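First the structure, in the form of structure tokens, and then the observations on it.
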Ligand SMILES: Nc1ncnc2c1ncn2[C@@H]1O[C@H](COP(=O)(O)OP(=O)(O)OP(=O)(O)O)[C@@H](O)[C@H]1O
Ligand SMILES: [Mg+2]
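Chains as they are written, first to last, in my numbering: chain A, 497 to 871; chain B, 625 to 847.
Structure, rendered in structure tokens:
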């Protein structure tokens with residue numbers, strides 16, 4: 497089979513390159529924008545996703561995991577007594593002040609537990625033993641803190657809430673949406689440091705269900721026993737934390753807008769280059785019709801051209817986006833591009849390019865083959 | 625055997641409030657192996673008539689039968705199928721596909737006609753050999769002379785064995801030497817392969833190769 501579509505597409509190399517560049521530009525933009533968006537959102541719920549809890553008890557109307565409010569730590573007893581609960585512990589998430597050796601003050605988001613191991617927190621330890629945390633004025637710090645606090649090492653000291661604490665471990669991948677670095681310490685120490693707010697209080701109760709327990713029933717029972725708290729499943733709580741940032745910052749709208757603009761640019765470039773190409777080859781399309789080609793034959797030519805442009809443009813754009821990942825990582829930005837999302841972008845690119853070819857198709861479908869006999 | 629029958633073909637064009645009757649009742653037949661030259665002054669309606677015979681335009685009135693298939697004026701959607709099956713065209717400006725080589729030009733038109741794969745390639749090579757371009761098969765049209773381009777076009781028209789060949793001023797873009805060569809080749813092949821050939825022309829050489837000359841004048845065939 498001879499492909500007039502492919503031959504014509506490759507015959508005009510400059511226009512072909514422009515078409516591919518247009519698609520690639522759009523694809524890169526969508527990947528980077530959505531990838532950054534997903535990366536930022538991932539930070540908003542990364543601790544929730546990794547902590548090994550089935551249910552989270554929060555104070556009423558807590559909007560996201562970073563903005564915790566206190567309630568009495570003794571509530572955990574009521575949770576433990578609910579049938580179907582295998583384990584329940586207090587988790588404190590609290591914002592504190594950290595003094596740097598330079599004297600500058602920075603914020604830190606403290607995660608405090610009595611038994612870190614039991615809840616898979618922190619989930620990625622680079623150095624140190626979390627079991628040692630209760631043994632003194634110790635804390636773990638996540639490596640991402642380097643950007644805010646400068647370099648640090650295990651064995652050094654930093655002041656948190658005006659108390660000298662020793663860094664006894666480093667973690668990786670613990671992030672907050674606000675980019676406030678995360679520290680890990682024992683519950684009792686955290687309560688001492690923020691005595692006013694945290695004495696006798698906690699901010700969350702983590703719940704692990706017994707095997708075979710009915711999630712809905714346990715949750716309802718906890719809700720009944722703690723009427724002034726909220727209970728969320730892990731997935732709901734992660735979703736709630738993310739949704740807060742999407743709704744309350746510009747990132748949601750910003751992402752939609754750039755994705756829309758990227759798509760618009762891509763579609764317009766493809767539609768225009770395909771259309772100018774079609775106009776230049778109008779006489780050839782007339783010849784195809786004169787020798788008996790049907791509108792389906794014509795559409796096949798245009799569709800083949802737009803699918804080639806879509807697939808090659810997608811490939812180039814995806815390579816660019818993936819290549820941008822490591823650089824973004826260095827800048828402290830996480831770019832998340834999943835295979836699922838890639839597949840959606842590919843299908844979307846092909847469909848939009850086919851739609852863009854319709855402009856040309858309408859023109860050729862209306863073409864009178866009698867023009868082949870005219871000058 | 626008659627391949628083409630046309631009776632009392634009338635064609636009117638309406639442009640706004642003006643209506644012109646370009647063809648006023650023209651009848652023309654052609655049989656297999658027969659070569660008909662269609663002459664007439666500029667604007668007399670030759671191209672219009674050829675387009676109707678080629679099922680590219682529909683007549684306003686009259687009857688056209690190509691290879692046993694009657695053109696149904698109420699079903700213009702059937703025309704492409706008749707063109708695919710039964711008609712090969714040669715145009716004044718060659719109308720080759722610039723991005724396709726000589727053999728691909730022929731092969732592609734066979735693909736459109738429904739002949740696919742290696743059968744199409746073999747037939748394309750056969751007709752290119754027949755028009756004497758065996759050594760130019762891989763050439764793009766821009767690397768061929770005018771006469772060679774028109775020979776590729778003739779090969780394309782012959783390929784797939786349509787019984788009716790229609791050509792509109794096939795020599796107008798060629799010098800008289802190349803024009804004569806192309807016409808003689810065209811005649812020989814049409815005769816050998818037993819096709820009916822209608823050539824619209826101003827070129828006096830065509831008369832010398834035609835079996836019959838029809839002259840159109842002011843929308844009517846001159847006696
Ligand atoms: N699509 C159309 N709409 C309106 N008028 C048309 C159309 N096609 C042809 N005509 C008219 O029909 C007449 C005959 O045109 P045609 O092209 O058939 O002449 P011709 O004999 O082939 O002339 P030439 O020798 O110059 O090629 C012309 O007056 C032309 O204006
Ligand atoms: Mg003409």
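All C-beta atoms, glycine included, are put in the ideal place defined by N, C-alpha and C. Values in this document were obtained by computation on a predicted structure and should not be read as measured data.
TODO: Please name the residues in the segment 853-871 of chain A whose beta-carbon is closer than 7 Å to at least one beta-carbon of chain E, in chain order.
DONE: Annotation note: the requested chain E is absent from the structure, which comprises protein chains A and B.
- [ ] Take the Cβ of residue 700 of chain A as the centre, count every other Cβ of all protein chains shown within 10 Å, and call the residue buried at 16 or more, exposed below.
- [x] The residue in question, residue 700 of chain A, is buried, as its Cβ has 16 or more Cβ neighbours within 10 Å.
Open item on the list: For ligand 2, I want to know if residue 671 of chain B counts as a neighbour, meaning its beta carbon is within less than 6 Å of at least one of the ligand's heavy atoms.
Closed with: At least one heavy atom of ligand 2 is nearer than 6 Å to the Cβ of residue 671 of chain B, so yes.
Open item on the list: Could you tell me the alpha carbon to alpha carbon distance between residue 522 of chain A and residue 754 of chain A, rounded to whole angstroms?
Closed with: For residue 522 of chain A and residue 754 of chain A, the gap between their C-alpha atoms comes out near 10 Å.
Open item on the list: With a threshold of 6 Å (Cβ to nearest heavy atom), would residue 715 of chain B be considered close to ligand 1?
Closed with: No, ligand 1 has no heavy atom inside 6 Å of this Cβ.
- [ ] Please determine, among A:759, A:672, A:537, the residue with the shortest C-alpha to C-alpha distance to residue 520 of chain A.
- [x] For the options A:759, A:672, A:537, the alpha carbon positioned closest to that of residue 520 of chain A is the one of A:759.
Open item on the list: Tell me which residues share the same chain as residue 659 of chain A and place their Cβ nearer than 7 Å to its Cβ, disregarding the 5 neighbours each side in the sequence.
Closed with: For residue 659 of chain A, where only same-chain residues beyond five positions count, the Cβ hits under 7 Å are 633, 689.
- [ ] Could you say which of B:736, B:811, B:631, B:731 lies nearest to residue 683 of chain B if we only look at CA atoms?
- [x] Measuring from the Cα of residue 683 of chain B, the nearest candidate turns out to be B:631.
- [ ] Would you check if the distance between the CB atom of residue 824 of chain B and the CB atom of residue 780 of chain B is smaller than 7 Å?
- [x] No.
Task: Residues that residue 675 of chain B contacts on chain A, provided the C-beta gap is smaller than 7 Å - done: Chain A residues near residue 675 of chain B: 866, 869.
Open item on the list: 7 Å is my cut-off, CB to CB: does residue 448 of chain A come that close to chain B?
Closed with: Missing from the structure shown is residue 448 of chain A; chain A here goes from 497 to 871 and no further.
Open item on the list: Taking 8 Å as the limit between beta carbons, can you name the residues of its chain near residue 804 of chain A, skipping five residues before and five after?
Closed with: Around residue 804 of chain A: 501, 502, 505.
TODO: Using 6 Å as the cut-off, classify the Cβ of residue 668 of chain B as near or not near the heavy atoms of ligand 1, replying yes or no.
DONE: Result yes, Cβ under 6 Å from ligand 1.
- [ ] Could you say if the segment 531-542 of chain A and the segment 592-602 of chain A meet the contact criterion of at least three C-beta pairs nearer than 8 Å?
- [x] Too few Cβ pairs lie closer than 8 Å, so no.
Open item on the list: For residue 834 of chain A, count the other beta carbons within 10 Å of its own beta carbon; 16 or more makes it buried, fewer makes it exposed. Which is it?
Closed with: It is exposed - the Cβ of residue 834 of chain A has fewer than 16 other Cβ atoms within 10 Å.
TODO: State yes or no: is the beta carbon of residue 444 of chain A nearer than 7 Å to at least one beta carbon in chain B?
DONE: Any question about residue 444 of chain A goes unanswered here, given that chain A covers just 497 to 871.
TODO: Mind listing the chain A neighbours of residue 728 of chain B? Cutoff is C-beta to C-beta under 9 Å, in chain order.
DONE: Those are 498, 500, 503, listed as they occur along chain A.
TODO: Measure the Cβ-Cβ separation of residue 737 of chain A and residue 541 of chain A and say whether it is below 7 Å.
DONE: Note that the C-beta distance between residue 737 of chain A and residue 541 of chain A is below 7 Å.
TODO: Give a yes or no on whether the minimum CB-CB distance between residue 792 of chain A and chain B is below 7 Å.
DONE: No, residue 792 of chain A does not count as interfacial toward chain B.
Task: residue 711 of chain B versus residue 786 of chain B - alpha carbon distance - done: Spanning the two alpha carbons is a distance of roughly 5 Å.
Open item on the list: Please report whether the beta-carbon of residue 671 of chain B lies at a distance below 7 Å from any beta-carbon of chain A.
Closed with: The beta-carbon of residue 671 of chain B is placed less than 7 Å from the nearest beta-carbon of chain A.
- [ ] Check whether the Cβ of residue 637 of chain B sits closer than 6 Å to any heavy atom of ligand 1, and report yes or no.
- [x] Residue 637 of chain B Cβ: within cutoff of ligand 1.
- [ ] Answer yes or no: do residue 581 of chain A and residue 703 of chain A have a C-beta to C-beta separation smaller than 7 Å?
- [x] Contact: yes.
TODO: List in chain order: all unbroken beta strand (DSSP E) runs of 3+ residues lying wholly within the segment 770-811 of chain B.
DONE: Taking only runs of at least 3 residues, the beta strand (DSSP E) segments lying wholly in the segment 770-811 of chain B are 788-792.
- [ ] Starting from the Cα of residue 849 of chain A, find the closest Cα among A:508, A:498, A:518, A:544 and give me that residue.
- [x] Of the listed residues, the one whose Cα sits closest to residue 849 of chain A is A:518.
Task: Per-residue contacts from residue 783 of chain A into chain B (C-beta, under 9 Å) - done: For residue 783 of chain A, the neighbours in chain B by C-beta distance under 9 Å run, in chain order, 713, 715, 719, 720, 721, 733.
Open item on the list: Counting only Cβ-Cβ distances shorter than 7 Å, please list the residues of the segment 781-809 of chain B near chain A, keeping chain order.
Closed with: Among the residues of the segment 781-809 of chain B, those with a Cβ less than 7 Å away from any Cβ of chain A are 792, in the order of the chain.
Open item on the list: Pop quiz: residue 624 of chain A and residue 636 of chain A are said to be a contact at Cβ under 8 Å. What is the actual Cβ separation, rounded to whole angstroms?
Closed with: Going by Cβ atoms, the distance from residue 624 of chain A to residue 636 of chain A rounds to 6 Å, so yes, they are a contact pair.
TODO: Within its chain, find whatever has a CB closer than 6 Å to the CB of residue 798 of chain B; leave out the 5 residues flanking it on each side and keep chain order.
DONE: 770, 771.
TODO: Could you check what DSSP says for residue 791 of chain A in three-state terms: helix, strand or coil?
DONE: In the displayed model, residue 791 of chain A falls within a helix according to three-state DSSP.
Task: Contacts around residue 820 of chain A, its chain only, beta-carbon distance under 8 Å, and the 5 residues preceding and following it disregarded - done: 524, 528, 831, listed in sequence order.
Open item on the list: Determine, for residue 704 of chain B, whether the minimum Cβ-Cβ distance to residues of chain A falls below 7 Å.
Closed with: A Cβ of chain A is located within less than 7 Å of the beta carbon of residue 704 of chain B.
Task: residue 652 of chain B and residue 635 of chain B closer than 7 Å at C-beta - done: No. Outside cutoff.
- [ ] Tell me whether residue 800 of chain A sits in a helix, a strand or coil according to DSSP, three-state version.
- [x] Of the three classes helix, strand and coil, the one that applies to residue 800 of chain A here is helix, per DSSP.
TODO: Please classify residue 652 of chain B: does DSSP put it in a helix, a strand, or coil?
DONE: In the structure shown, residue 652 of chain B sits in a strand (DSSP, three-state: E or B).
Task: 7 Å CB neighbourhood of residue 806 of chain A in its chain, flanking five on each side removed - done: Excluding residues within five positions, the ones whose Cβ falls inside 7 Å are 519, 845, 846, 849.
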